[in-house]
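Participant:
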Amino acid sequence: MSSKGSSLIEAKKLCKSYFNEGLETPVLFDIDLTINSGEFVAIMGPSGSGKSTLMHILGFLDHFTSGSYLFHDEPVLRMNDDDLAKIRATRVSFVFQAFNLLPRTSVLENVLLPLLYHPTIAASERMDRAMKAIATVGLTDRAKYLSNQLSGGQKQRVAIARALVTEPEVIFADEPTGNLDSVSGRQVMEAVQQLHEHGHTIILVTHERTTAEHAERIIHIRDGRIQEDTKSFKRRLAKEASTLAK
Ligand SMILES: Nc1ncnc2c1ncn2[C@@H]1O[C@H](COP(=O)(O)OP(=O)(O)O)[C@@H](O)[C@H]1O
Ligand SMILES: [Mg+2]
């Protein structure tokens, strides 16, 4: 992983429109955003405000229409398909609201999957890595279960294990607690928090304030524009407490 605090993501005047049958739907407008390695950022905003679109662009799943995006100071526009495929396989991963696990497939196989596409992790290392990732989310005793034999919260923890197994720099999570009850949601957020503590950069999309408060920084978007970019309440509180303690 790259050194903590260096610029990882730098978007300047990023715009995105969708085009359907000649019809343009502008969705993101002049997004200026810098995220450093090791940060835990929440992106909040109402439904339809462009959160997922922004996350897909920053995670190399979608193209932007204009502006610039630098990843580790490298212009993304200058990357070719091979560069992009390599970044997707090694440096970023995703956790989605709908879990997106392979059905009728074991927990272990789901978590092994990203390793099959990894260019540098040896086949002999795969099993060990997968079992470690499964242990991180507390599901060792469920490794042989089929994904459809798990609760929603367990499924999402498998999705987190699958996201962390390649040790990516950035983990993008789009409404990871959106389909969960509050107890499972909290467990999933504890797992996300742990990833952050291990040095992964976390970019979390949510419309829930309590979920966003796990982050250090909260970016509000509305109608495709950044409205506010602030330290989270929790973070401000911790800082204040440490000042008072001095
Ligand atoms: N493939 C698409 N084609 C056209 N419009 C889209 C497409 N995907 C999303 N949109 C529109 O872009 C806007 C932002 O969507 P999205 O990024 O999913 O918002 P959020 O994640 O904040 O709910 C919405 O108005 C949505 O209808
Ligand atoms: Mg969304």
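Heads up, the sequence shown is in the numbering used here, so the first residue is 13 and it goes up one at a time. All C-beta atoms, glycine included, are put in the ideal place defined by N, C-alpha and C. Just so you know, these numbers come straight off a predicted model, no measurement behind them.
1) From A171 to L113, what does the alpha carbon distance come to, in whole angstroms?
2) Short check: CB of A145 to CB of V123, under 8 Å?
3) Assuming I69 is part of the alpha helix (DSSP H), what are its boundary residues?
4) Just to confirm, is the Cβ distance from G164 to L192 under 8 Å?
5) The beta strand (DSSP E) that contains L89, what's its start and end?
6) Looking at the strands, I want to know which residues DSSP matches up with P38.
7) Closer than 7 Å: is that where the CB of N32 sits relative to any heavy atom of ligand 1?
8) Which same chain residues end up closer than 6 Å to H84 when comparing Cβ atoms and leaving out the 5 residues on each side of it in sequence?
9) By the three-class DSSP mapping on this structure, what secondary structure does L124 have?
10) Take E22 and list the residues in its own chain whose beta-carbon comes closer than 7 Å to its own, dropping the five residues that flank it on each side.
11) Over what stretch of residues does the beta strand (DSSP E) that includes T223 continue unbroken?
12) Which first and last residues belong to the alpha helix (DSSP H) in which H210 is found?
13) In angstroms with no decimal places, state the Cα-to-Cα distance between P87 and F111.
14) What's the call for V195, buried or exposed, on a 16-neighbour Cβ count within 10 Å?
15) Which residues neighbour ligand 1 when neighbourhood means a C-beta less than 5 Å away from any of its non-hydrogen atoms? List them by chain order.
16) Sorry if obvious, but does the Cβ on V217 come closer than 7 Å to a heavy atom of ligand 2?
17) Could you check what DSSP says for G150 in three-state terms: helix, strand or coil?
Facilitator: Based on what the coordinates show:
1) Walking along the sequence shown from the start, residue 171 turns up at place 159. Walking along the sequence shown from the start, residue 113 turns up at place 101. One C-alpha to the other measures close to 7 Å.
2) The residue given as residue 145 occupies position 133 in the sequence shown. The residue given as residue 123 occupies position 111 in the sequence shown. Yes, the Cβ-Cβ distance between A145 and V123 is below 8 Å.
3) To locate residue 69, count along the sequence shown from 1; it is residue 57. K63 to L70 is the extent of the alpha helix (DSSP H) around I69.
4) Numbered from 1 along the sequence shown, position 152 holds the residue referred to as residue 164. Numbered from 1 along the sequence shown, position 180 holds the residue referred to as residue 192. Result yes, Cβ atoms of G164 and L192 sit closer than 8 Å.
5) For the purposes of this step, residue 89 is taken as residue 77 along the sequence shown, with counting starting at 1. First-last for L89: undefined, no H or E at that position.
6) Reading the sequence shown from its first residue, position 26 is the one you call residue 38. Partner(s): S29.
7) Mapped onto the sequence shown, residue 32 falls at position 20. Yes; taking the cut-off as 7 Å, the Cβ of N32 has a heavy atom of ligand 1 nearer than that.
8) Counted from its first residue, the sequence shown places residue 84 at position 72. Nothing meets the Cβ criterion.
9) Locating residue 124 in the sequence shown gives position 112, counting from the first residue. Helix at L124.
10) To locate residue 22, count along the sequence shown from 1; it is residue 10. For E22, the CB contacts under 7 Å within the same chain, skipping 5 residues up- and downstream, are T46 and L82 in chain order.
11) As a working note, residue 223 is residue 211 in the sequence shown. Here T223 belongs to no beta strand (DSSP E); instead the alpha helix (DSSP H) covers R221 to A224.
12) For this step, residue 210 is matched to residue 198 along the sequence shown. That residue, H210, is in no alpha helix (DSSP H); it is neither H nor E in DSSP.
13) Translated into positions along the sequence shown, residue 87 becomes position 75. Translated into positions along the sequence shown, residue 111 becomes position 99. Distance between the alpha carbons of P87 and F111: 31 Å.
14) Locating residue 195 in the sequence shown gives position 183, where the first residue counts as 1. Counting Cβ neighbours within 10 Å, V195 comes out exposed, since fewer than 16 surround it.
15) Listed along the chain, these residues meet the criterion: Y30, T37, V39, S59, G60, S61, G62, K63, S64 and T65.
16) Locating residue 217 in the sequence shown gives position 205, where the first residue counts as 1. V217 Cβ: within cutoff of ligand 2.
17) In the sequence shown, residue 150 corresponds to position 138, counting from 1. It is coil, neither helix nor strand.
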